[in-house]
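Enquirer:
Numbering (our numbering), first residue to last: 295 to 561.
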């Protein structure tokens with residue numbers, strides 16, 4: 295039997311998703327919990343790896359097992375052995391042709407950014423931070439340049455293992471929610487959807503958008519960065535703190551959830 299799980303996690307304490315010898319990754323903790331519940335080793339495959347400090351609202355994994363348990367049992371049983379900052383949100387049996395990564399038609403990410411003269415405290419590790427005001431119109435104009443199919447080499451980490459830097463970005467929206475009595479602080483939300491993403495792609499895009507938002511570069515600079523196809527042309531990689539993997543997109547025929555309760559935390 296093949297089982298698909300939806301996982302949410304706070305990535306602050308972990309060295310990313312992918313299993314490492316240290317054992318301090320989300321995958322390591324999940325597989326240890328599954329093994330304790332199932333009493334046999336369990337190996338998982340995920341929809342998309344996340345870096346150290348990056349959070350997951352609906353990471354999707356699949357695994358094969360000979361055990362017969364109800365979906366509710368996989369959720370509650372596995373969560374019994376997981377740390378408080380990782381939780382299985384749902385479990386569904388799927389056909390053998392389902393593959394958490396290969397079956398996905400798109401991936402979604404959100405970056406939450408605090409604009410405030412004072413650094414975050416309660417939200418530390420959960421939001422990015424800038425202390426200077428941002429120009430939303432300039433950032434939106436720059437984000438529009440990213441839409442469509444492009445060679446995103448300028449936003450690609452040196453260690454990226456993707457077979458091609460050509461990706462199709464379907465969404466790049468930016469919204470602002472003012473906070474404080476005079477609106478002196480604000481939370482910015484950047485939503486991205488693409489067929490796939492390169493390693494550090496969102497964080498490198500964020501570095502460019504923030505530079506444009508601060509006025510260090512004009513909106514048209516984004517077009518030049520894309521055309522350069524060189525990492526040296528873009529801004530430095532932005533912090534991982536405010537980055538959330540909202541999860542993959544699957545054909546509705548699989549009958550899998552499209553969101554989890556963790557989505558409601560985002561401003």
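Where is the CB? At the ideal position from N, CA and C, for every residue including glycine. Fair warning: this is a prediction, and the values are worked out from it, not measured in the lab.
1) In angstroms, rounded to a whole number, what distance separates the CA positions of residue 334 and residue 328?
2) Express the C-alpha separation of residue 489 and residue 545 in angstroms, rounding to a whole number.
3) Spatial neighbours of residue 316 within its chain, please: C-beta separation below 7 Å, excluding the five flanking residues on both sides.
4) Would residue 349 be called buried (16 or more neighbouring beta carbons within 10 Å of its own) or exposed?
5) Work out the CA separation of residue 467 and residue 299 for me, nearest whole Å.
6) Looking at the strands, I want to know which residues DSSP matches up with residue 465.
7) What does the Cβ neighbour count give for residue 511, buried or exposed, with the cut at 16 atoms within 10 Å?
8) Going by CA-CA distance only, name the one from 502, 496, 421 and 430 that's closest to residue 454.
9) Helix or strand or just coil, what does DSSP make of residue 300?
10) Using a Cβ-Cβ cutoff of less than 6 Å, which residues in the same chain neighbour residue 429 once the five nearest sequence positions on both sides are dropped?
11) Can you list, in chain order, the residues of its chain whose CB lies under 6 Å from that of residue 463, leaving out five sequence neighbours each side?
12) Opposite residue 422 in the DSSP bridges: which residues?
Expert: In this structure, then:
1) Straight-line spacing of the CA atoms in residue 334 and residue 328 works out to 8 Å.
2) Going by the C-alpha atoms only, they are around 13 Å apart.
3) Counting only Cβ-Cβ distances below 7 Å, and skipping sequence neighbours, we find 309.
4) Residue burial is scored here from C-beta neighbours: residue 349 has at least 16 other C-beta atoms within 10 angstroms and is therefore classed as buried.
5) Spanning the two alpha carbons is a distance of roughly 28 Å.
6) Beta-bridge pairing links residue 465 to 487.
7) Answer is buried; the Cβ neighbour count reaches 16.
8) Restricting attention to 502, 496, 421 and 430, the CA atom closest to the CA of residue 454 is found in 496.
9) Three-state DSSP puts residue 300 in a strand.
10) 507, listed in sequence order.
11) The residues are 440, 441 and 488.
12) Under DSSP, the beta-bridge partners assigned to residue 422 are 407.
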